[in-house]
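Trainee:
Residue numbers (this note's numbering), protein chains in the order written: chain A, 309 to 464; chain B, 20 to 258.
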């Protein structure tokens, strides 16, 4: 067991973990933050995407011990109490989710993407979404949601 | 879908890392983990120990030296992609390497050493005549890639940096994959007169202008790969 210290959504946590523990399982089972979803566990589906030091990372392709000393943000960091983040609000209004399994990962990728590229084209949004699998929506409403959120975020 | 147990070390110097890797036969270096961790999850790899290179001093960084782009082995792919020092061939190729999330973690050196036959960076390295610098010697890219997932690196040897000559002539990178960000079916890098193909053989192939020999895989038979390769080369040369 190895001692690690991480900051998750602004809160400092210290735990002793097995080296083989994946960051995705650490977030869910040790910290009880169940918003981060685990899909394929080999980096293909994107459901477990979190921000590691402000950049997107597959938490299933990161060991918890690798996150020692680093900052993590999960989907729980987006809403401020009852007020949804503009991305979440846009997904709600534009039917950007059905079962919701892929949504947390997409939201984390999109929050980084829009910070880097506040006025993206539809093509750029689609290229970014290639890293996320959604089996319900056919992606069109997800693209609409991200473009709508981009417009809201540009105004704020 | 969970890794088998292993010991974990995070050395601060290259010497310490080499000592830890030498101490156990089944110890493996861990760079960004974007290829190794999936293999751990599937238990295709069962190392006794991982030596994390993340904290090793001096392995990450990008600089230009006498017309050569020098990239530290632990430089994240995303950092090279967005670096003002990156030139178009490398930037364009990196756009095809996985997705933003994997490029933010995955390293330039990790991708080269993993030596996946469909990977983009080895193809660029061969096209540019890059040199791979280890703790012991300098290896030309054409000699570095030996076979599928196999390089010229010997036990006790770690990649330290890659030296990409900055191309003066025309460069093009083209790829066909089943979905954007997937492993390439075929990719091609053109640097001046040199045309190099990935995905068609165990290692990057320098095209001699003749008939293309291709090796198929589960999803893409050899004949299909040959047709895709022909079309991509034509497109790249016409670009």
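For each residue, glycine too, the CB sits at the ideal point set by N, CA and C.
Would you call the CB atoms of residue 419 of chain A and residue 368 of chain A closer than 8 Å?
Mentor: no
Trainee: Just the Cα atoms here: how many angstroms apart are residue 195 of chain B and residue 205 of chain B?
Mentor: Spanning the two alpha carbons is a distance of roughly 6 Å.
Trainee: Verify whether the separation of the beta carbon atoms of residue 48 of chain B and residue 72 of chain B is less than 8 Å.
Mentor: Yes, the pair counts as a contact, with Cβ atoms nearer than the cut-off.
Trainee: How far does the beta strand (DSSP E) with residue 145 of chain B in it reach, from first residue to last?
Mentor: Membership of residue 145 of chain B in any beta strand (DSSP E) is not indicated; the residue belongs instead to the alpha helix (DSSP H) covering 139 to 147.
Trainee: When the Cα atoms are used, what is the spatial distance from residue 405 of chain A to residue 412 of chain A?
Mentor: The alpha-carbon atoms of residue 405 of chain A and residue 412 of chain A are separated by roughly 10 Å.
Trainee: Using the beta-carbon of each residue, which ones in chain A are nearer than 9 Å to residue 21 of chain B?
Mentor: 328, 329, 330, 333, 349
Trainee: Return the CA-CA distance between residue 407 of chain A and residue 347 of chain A, expressed in angstroms with no decimal places.
Mentor: Going from the Cα of residue 407 of chain A to the Cα of residue 347 of chain A covers about 13 Å.
Trainee: Residue 136 of chain B: buried (16+ other C-beta within 10 angstroms of its C-beta) or exposed?
Mentor: Classification for residue 136 of chain B: buried.
Trainee: Determine the contact status of residue 158 of chain B and residue 86 of chain B, defining contact as a CB-CB distance below 8 Å.
Mentor: no
Trainee: Are there 16 or more other CB atoms within 10 angstroms of the CB of residue 162 of chain B, so buried, or fewer, so exposed?
Mentor: exposed
Trainee: What's the gap between the Cα of residue 62 of chain B and the Cα of residue 68 of chain B?
Mentor: 14 Å
Trainee: Roughly how many angstroms lie between the CA atoms of residue 317 of chain A and residue 45 of chain B, to the nearest whole one?
Mentor: 37 Å
Trainee: Mind pulling the chain B residues with CB within less than 7 Å of residue 429 of chain A?
Mentor: The premise fails here: residue 429 of chain A is roughly 15 Å from chain B at the closest Cβ pair, so nothing lies under 7 Å.
Trainee: Any beta carbon from chain B within less than 8 Å of residue 366 of chain A's own beta carbon?
Mentor: yes
Trainee: Return the Cβ separation of residue 415 of chain A and residue 386 of chain A in integer angstroms, given the expectation that the two are a contact with Cβ distance under 8 Å.
Mentor: So it is a contact: roughly 6 Å between Cβ atoms.
Trainee: For a quick check, are the C-beta atoms of residue 209 of chain B and residue 190 of chain B less than 8 Å apart?
Mentor: yes
Trainee: With 8 Å as the threshold, decide whether the Cβ of residue 69 of chain B is near any Cβ in chain A.
Mentor: yes
Trainee: I'd like the span of the beta strand (DSSP E) that includes residue 71 of chain B, first residue to last.
Mentor: 68 to 71
Trainee: Determine the direct distance from the alpha carbon of residue 364 of chain A to that of residue 460 of chain A, and round the result to whole angstroms.
Mentor: Straight across, the Cα-Cα distance linking residue 460 of chain A with residue 364 of chain A is about 22 Å.
Trainee: What three-state label does DSSP hand residue 331 of chain A in the structure shown?
Mentor: helix
Trainee: With distances taken from CA atoms, which of B/151, B/164, B/33, B/124 is nearest residue 138 of chain B?
Mentor: Out of B/151, B/164, B/33, B/124, B/164 has the C-alpha closest to the C-alpha of residue 138 of chain B.
Trainee: Can you list, in chain order, the stretches of the alpha helix (DSSP H) that have 4 or more residues and sit fully within the stretch 384 to 419 of chain A?
Mentor: 394 to 401
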